[in-house]
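Participant: So the sequences go chain by chain: L and E.
Quick note, my numbering runs 996 ahead of the 1-based positions in the first sequence.
Quick note, my numbering runs 78 ahead of the 1-based positions in the second sequence.
Ideal Cβ placement from N, Cα and C applies to all residues, glycine included.
Here the structure is a predicted model, which is why all the values come from computation and not from measurement.
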Amino acid sequence: MDRTFAVAIGGAAGQGVATPGDVFAKIFARRGLHLNAYNAYQSIIRGGHTFLTIRAGIEEVTCFGDRIDLLIPLNQDSMDRHLGLMKPGSAVVYNADTIRPGPHATAAQLCPLPVNQLSKGSRSKVEQNTLALGASLKMMGVGFEPLAEILTEQFMRKGDKVVTENLNIARLGYDYAAANFLPFASPIPMSGMQYAVLSGNIALAMGGAAAGVKFYCAYPMSPSTGVLHWMAAHAREAGIMVRQVEDEIGVINMAIGAAHAGVRAMCATSGGGFALMTEGLGMSAMMETPVVVVDVQRAGPSTGVPTKTEQGDLWQMLGAGFGDFPRLIAAPTDIADCFKLVPEMHNLADRFQCPGIILGDLLLSEGRSSVDPKQLNFDTKIDRGEMIVSADPTKETNGYKRYKITESGISPRAIPGVPGHTHTAATDEHDEDGVLISDEFTNPAKRRAMMEKRQRKVSGIEAAVELPALIGPPDADVTLVGWGSTKGVIREAVAILNEEGISTNQLQIRWLVPLHGKAILNILELSKYTIIVENNYSGQFARYLRSETSYVPNGYIRKYDGEPFMPHHIVEAVKEQLASKTHETQLSVPVHEILV
Amino acid sequence: MATVLEPKPITAADFKGKVDPDWCPGCGDFGVLSSLQKVLAEMNVSPHNVVTISGIGCSSNLPGFIDTYGMHTLHGRALAVATGVKMANHKLHVVVTGGDGDGFGIGGNHFIHTIRRNVDLLYIAMDNQIYGLTTGQTSPTSRKGMKTKSMPYGNVEEPINPIALALAAGATFVARGFSAEPKHLAELIKQGLEHKGFSFIDVFSPCVTYNHDNTYAWFRERVKKLELDSSYDSFDWHKAMKRALVWGDEIPIGKFFQRTDLPSLDQAEPILDHGGPLAHRELRIAPEVVRSFIAELM
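1) Could you tell me the alpha carbon to alpha carbon distance between Pro1185 of chain L and Ala1131 of chain L, rounded to whole angstroms?
2) Just list the alpha helix (DSSP H) runs in the stretch 1265 to 1293 of chain L, keeping only unbroken ones of 4 residues or longer that don't cross its boundaries, in chain order.
3) For Ser112 of chain E and Leu1277 of chain L, what's the separation of their Cα atoms in angstroms?
4) If we ignore side chains and look at the alpha-carbon of each, how far apart do Ala1251 of chain L and His1342 of chain L end up?
5) For Ile1401 of chain L, tell me which candidate among L:Lys1391, L:Gly1413 and L:Met1447 has the shortest Cα-Cα distance.
6) Apart from the five residues on each side of it in sequence, which residues of its chain come closer than 6 Å, Cβ to Cβ, to Thr1285 of chain L?
7) What is the rounded straight-line gap between the Cα of Gly1246 of chain L and the Cα of Gly154 of chain E?
8) Entirely within the stretch 1390 to 1456 of chain L and at least 4 residues each: give me those alpha helix (DSSP H) ranges in chain order.
9) Leaving out five residues before and five after Ala1173 of chain L in sequence, what residues of the same chain have Cβ atoms less than 6 Å from its Cβ?
10) Do you know how far the Cα of Thr1221 of chain L is from the Cα of Gly1043 of chain L?
11) So, helix, strand or coil for Val1057 of chain L, using DSSP?
12) Below 8 Å, how does it come out for the stretch 1547 to 1554 of chain L and the stretch 1509 to 1529 of chain L: are there three or more Cβ pairs, yes or no?
13) Check whether the Cβ atoms of Arg1239 of chain L and Phe1211 of chain L lie closer than 9 Å to each other.
14) Using C-beta distances below 6 Å, list every residue in its chain close to Glu1580 of chain L, excluding the 5 sequence neighbours before and after it, in chain order.
15) Would Ala346 of chain E pass as a contact of Asn167 of chain E if the rule is Cβ separation under 9 Å?
16) Can you give me the C-alpha to C-alpha distance between Asp98 of chain E and Leu140 of chain E, rounded to a whole angstrom?
17) Look up Pro1586 of chain L in the DSSP assignment and give the residues it is bridged to.
18) Along the chain, where does the beta strand (DSSP E) that runs through Thr130 of chain E open and close?
19) Considering just the uninterrupted stretch of the beta strand (DSSP E) at Lys268 of chain E, what are its terminal residues?
20) So, for Glu1589 of chain L: in the same chain, excluding its five sequence neighbours on each side, which residues have a beta-carbon less than 8 Å away from its beta-carbon?
21) Assign Gln1150 of chain L to one of three DSSP states: helix, strand, or coil.
22) For Ser1280 of chain L, does the count of other Cβ atoms within 10 angstroms reach 16, so buried, or fall short, so exposed?
23) I want to verify the contact list: residues of chain L whose CB lies under 8 Å from the CB of Leu304 of chain E, in sequence order.
24) Anything in chain L within Cβ reach of Pro103 of chain E, meaning under 8 Å, just list it in chain order.
25) To the nearest angstrom, how far is it from the Cα of Thr192 of chain E to the Cα of Thr175 of chain E?
26) Confirm the yes/no value for this check: CB of Asp351 of chain E, any heavy atom of the ligand NAP, distance under 8 Å.
27) Pull up the CB-CB distance for Gly1593 of chain L and Ala1104 of chain L, whole angstroms please, since I reckon it's below 8 Å.
28) Whose Cβ in chain L lies nearer than 7 Å to the Cβ of Lys96 of chain E?
29) What does a CB cutoff of less than 6 Å around Lys1304 of chain L pick up in its chain, not counting 5 residues either side in sequence?
30) Using a Cβ-Cβ distance under 9 Å, would Gly1196 of chain L count as near chain E?
31) Over what stretch of residues does the beta strand (DSSP E) that includes Phe335 of chain E continue unbroken?
32) Just verifying my parser: in three-state terms, what is the DSSP assignment at Arg1506 of chain L?
33) Nearest by alpha-carbon distance to Val1089 of chain L: which of L:Val1111, L:Ala1101 and L:His1100 is it?
34) Determine the direct distance from the alpha carbon of Glu366 of chain E to that of Val1592 of chain L, and round the result to whole angstroms.
35) Between Ala1192 of chain L and Ala1234 of chain L, how many whole angstroms is the CB-CB distance? I'm expecting something under 8 Å.
36) Would Ser137 of chain E pass as an interface residue toward chain L - the criterion being a Cβ-Cβ separation below 9 Å?
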């Protein structure tokens, strides 16, 4: 049974949707509740429609869910778009002076706030939000204290007078609700836990700091810019150099230069910026200088839908850079994993001296969730691989070969400044000592040896990366396969299906390169009905899996309208496919009914 | 850049690369390479403390012909890579070499921005007014009217003036050399290496194979050393810009401009104030800092 509570705040950009959202998130997290938040917004700084959903519960909340318990429309537009979708037991808190519920009947409790009367004619739009916060918390059965605490923290910098004003307004809303509105059927629970609340972008940036990144550079691009913002704001304390570069071509080349000189370097972008980086990715592979690149997917192609989510860049990652070279690609499965994956990727990129790609998306990067602070582990393992950072006087260094042919394909990497190890790292094909062989007429034997040396790293990489694992009973009637960010919503869909008597399990793919195709096949061969769920049009993962394993599932669920899946989209599609009598492969494309 | 004193005397031979240059006989790039090797030795810099970084092109093959740490990067990207190297280890001497197509064509954006950042490195553009490695196409510095394989009826575009461009972008050291004037060039290279900030030297480095317009003889007739004009003041930006626009029967070479009042990027970056090069720092973040990062999220 769903024991979560979801608040949604809708309004125009610039109306202050984010601030009450932050307050709710803090109150939930401090009560020991898990939460998951998703903000549907537009590429517009003022105006448009922004819709933030925050869902909280005692158990882990893995997605923003299907239902809104409390709607706070900050303008008429938000009221009109969402009121009809409210279910019995829900409530709508709004400014009665500026917003009307409209002519249609609703199952929700309407809670109009006489804002002008309560705030004595003050025209501040913030007051409407603070009144709504106070009223909502009363109805949710939360005491006034937690709100007072957060408002005090928030306005402290503006002085005591501002704090008192805000507390008074919040109190008016709180008391007004006590006298005029019905509380929700069950008050918001609490637990003894304390959670951190963070976005995927913050998690990625902090993961970089935990990995020992000392050089971060970027060009601003939604929805990855949050990584740059966290890095820039914390650079001095963390001892990280952060640079904003002229373009993404410069970004990856600068990062590779820094990495080559010995630091851990990282950069983040979205699909368009990544496209500019692809030549540099090949340089990382050819020079065998590790670099970690984060691609936060947004709906494409081209400029696409910059503020909307998609899993449409997989094939770009697989094919990025011309020529054949080893690479690492992994897609974090939730916000906590955004943190955890970064040090893991750096360790592997360093060990195997090749590019590592972290494939996130807007759903994770700009979504927020509660994370147990213990999971933000800064004592995580750091493995820099075979690196020479100082000269060993007992060893003869004459004849150091940067690209020495070894069984593992890994050659010890000397960084500039170490005596006795000078060499040139070239993007041209080169011999073991770094001397160019690209123009030598002709040396197929050397070229083959160097190609094989680099590619031998692949078997080491495969051995170093965890195998995918099935979640749930292996003999379930339905297996849902997803990759990356869809883990949480599929997990909830699986729970609902199991409750409704359709036994379902889940295979969530995190590592895309290496894929471990054999292990996946071993799992899927036992499945009775397999559906691949992904947030794109053409089934990029399904096509990739097929190319690697020849596996064809029974069905697909795909969504490419810019919004993430909601649990009921998956549940309904599964039922529809199971009910169908056809033996053909089925495709379901759920409709996103909440218009934003 | 400050000179690092090393115990053992260093000679130009210490900078001899693993292989000999494969440039065409008579190529202007030979003069640039030998001047660079000579100056580095004179300055007593250890080869392992130098990183020579290039893009792609004939002149970009230089890192393979000099014994330092080298990076032979992508076409046009050397300055971006070099910025990363310098920021990760600001104790290293960074020298960037490349051609006019590499630096002013495909790499033009990085050229402007590396200047603007005043990254402490020496950038030597071996300017032959042609694409040589791709067998003779028009370059951003090819003169108007010049006939090449890509513009057989003559170039209709105006060429870039690298000196004026560098000055306009705010370069703190701007010079022009000629590879057939090795002593003069070596002096510019020395000053460029000693300059703390972005040093740019545009070097006429004739292509004997594909450019029959801008030959050694053509340059010899025209180049005139700024140093011969005792009234010339290289600290005056406006005078420098005026001279930068002189092109015709007389073409000035020498140091156009230098200013020493702007910090280089490593000096301007507070992260580098203490603790030495980033490349050698502790990777872990102090526990109290970590606690404060997490507390912000609670």
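Facilitator: Taking the structure as given:
1) 18 Å
2) 1267 to 1283
3) 33 Å
4) 13 Å
5) L:Met1447
6) Ile1252, Ala1255 and His1256
7) 10 Å
8) none
9) Ala1131, Lys1134 and Met1135
10) 21 Å
11) coil
12) yes
13) yes
14) none
15) no
16) 10 Å
17) In the DSSP output, where bridge partners are listed per residue, Pro1586 of chain L has none listed.
18) Val128 to Ser132
19) Here Lys268 of chain E belongs to no beta strand (DSSP E); instead the alpha helix (DSSP H) covers Pro260 to Glu272.
20) Leu1081
21) helix
22) buried
23) Within 8 Å Cβ-Cβ: nothing; Leu304 of chain E doesn't reach chain L, min ~31 Å.
24) Here the premise fails: no neighbours, minimum Cβ distance about 17 Å.
25) 14 Å
26) This structure does not include the ligand NAP; it has no bound ligands of any sort.
27) No information on residue 1593 of chain L is available, as it lies outside the stretch 997 to 1592 that chain L covers here.
28) Asp1429 and Val1431
29) Ala1295 and Gly1558
30) no
31) Ile329 to Gln336
32) coil
33) L:Val1111
34) Low per-residue confidence applies at Val1592 of chain L: pLDDT is 49, beneath 50, and the placement is therefore not dependable enough to give any value.
35) Incorrect: roughly 17 Å between the Cβ atoms, too far for contact.
36) no
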